[in-house]
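Comments concern the structure below.
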Amino acid sequence: MIIAENLNIYYDSYKAIEDVTFELNTGETLLLLGPNGAGKTTLLRTIAGLHEEYKGKLLVFGKPPVKARDVISYVPQSHSLNERVPLKAIEVVAMGALYKKGLVHFSIPKEILKESEKALEFVGLRRIRDKRFAELSGGQKQRVLLARALVSKPKLLLLDEPLSALDPSARVEVVSVIAKIKHETGITVLITTHDPNPLTEIGDKIMLINRRLIAFGTPEDVLKDEIITKVYGPLSKAVKVGERMYCFIGDVHLHRREEK
Ligand SMILES: Nc1ncnc2c1ncn2[C@@H]1O[C@H](COP(=O)(O)OP(=O)(O)OP(=O)(O)O)[C@@H](O)[C@H]1O
């Protein structure tokens, strides 16, 4: 469902992603891992059809991303909602459907309201339907944004660092909603992350990039000392605990490069 072949992504003459090739099947969850500046957001935005400066092959459901945008939902790293606008949670969710239909409404059509309530219920937040978005906790806000992304019934969900800036208990809340999306909807999910550990259980595949593709495969294939040390240095370590892989890494790579 996503095919990339010799993909190069540019910002003018700067090549942010170089010669990346991979395929992801429908319904799989992919963790996109790499240090600061590796190109994770760039790759995600290109797959979302939001950045079109690329060469090589890139197909999403057999189409160039920009032609598949009606079935893609993208949740950026930091949301762009102006929290001074007193929107209720339910209104934020409904925006996900209104945008996709190109509608600008002062009142939410009944059908969209119903779908938005269902989406809020799915993320476990029906009870805060009428609370102001700005007053929600970090974990609740992220779950409302997931509901907003789901309300348009996407086939592909792209999440940019969904756990950053969340405390550990909020992370658990958000990971359990992402797990529910994976297990109950069949939506294909791509997640960029600095830290794969909270997500290794739900990642079918991991892609490790540092401008170029370093590794692509199952967590067991990729989270190996000889692979992660290539990107994160000799102190990084992969560990298996029970059936799960974990890795100890730091965002040291680019800092180290800058010091040279
Ligand atoms: N709008 C832009 N114009 C020019 N260069 C950009 C732009 N956005 C990103 N870049 C550059 O492209 C490279 C990849 O950036 P990107 O944000 O995709 O990395 P990332 O892996 O998501 O990083 P982080 O983990 O820090 O968010 C970096 O060198 C960055 O400076």
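To convert, note that position 89 of the sequence shown is 89 in UniProt numbering; the numbers rise steadily by one, no gaps. From the three backbone atoms N, C-alpha and C, an ideal C-beta is built for every residue, glycine too.
For tyrosine 11, the distance from the CB to the nearest heavy atom of ligand 1 is below 7 angstroms. In this structure the stretch 16-33 touches the stretch 181-188; the number of beta carbon pairs closer than 8 angstroms is three or more.
As far as DSSP is concerned, isoleucine 178 takes part in no beta bridge. Under DSSP, tyrosine 14 forms a beta bridge with Tyr11. For isoleucine 90, the CB contacts under 6 angstroms within the same chain, skipping 5 residues up- and downstream, are Ser116, Arg129 in chain order. Comparing alpha-carbon positions, the option among Phe122, Glu83, Arg84, Asp70 lying closest to leucine 98 turns out to be Asp70.
Here the distance from the Cβ of tyrosine 54 to the nearest heavy atom of ligand 1 is not below 7 angstroms. Pairing lysine 224 with alanine 68, the inter-Cα distance amounts to about 35 angstroms. By the Cβ-count criterion, alanine 134 is exposed, with fewer than 16 other Cβ atoms from all chains shown falling within 10 Å of its own Cβ.
Cβ neighbours of isoleucine 209 within its own chain (closer than 8 angstroms, five residues either side excluded): Ile17, Val20, Leu32, Leu33, Gly34, Ala38, Gly39, Lys40, Leu43. C-alpha of glutamate 52 to C-alpha of glycine 242: approximately 42 angstroms in a straight line.
Apart from the 5 residues on each side of it in sequence, leucine 125 sits with its Cβ closer than 8 angstroms to the Cβ of Ala89, Gln140, Arg143, Val144, Ala147 in its chain, given in chain order. Contact between serine 73 and alanine 179 is absent: CB atoms are separated by about 17 angstroms, not below the 8 angstroms threshold. Glutamate 23 is bridged by DSSP to Ile3.
Listed in chain order, the alpha helix (DSSP H) elements of length 4 or more contained wholly in the stretch 134-211 are 138-150, 168-185. Going by DSSP, phenylalanine 122 is part of no beta strand (DSSP E) but of the alpha helix (DSSP H) stretching over 110-122. One Cα belongs to isoleucine 112, the other to leucine 235, and the distance between them is close to 51 angstroms. A residue is called buried once 16 or more other Cβ atoms fall within 10 Å of its Cβ, and alanine 165, having fewer, is exposed. About 23 angstroms separates the CB atoms of proline 76 and aspartate 204; that is not less than 8 angstroms, and the two are not in contact.
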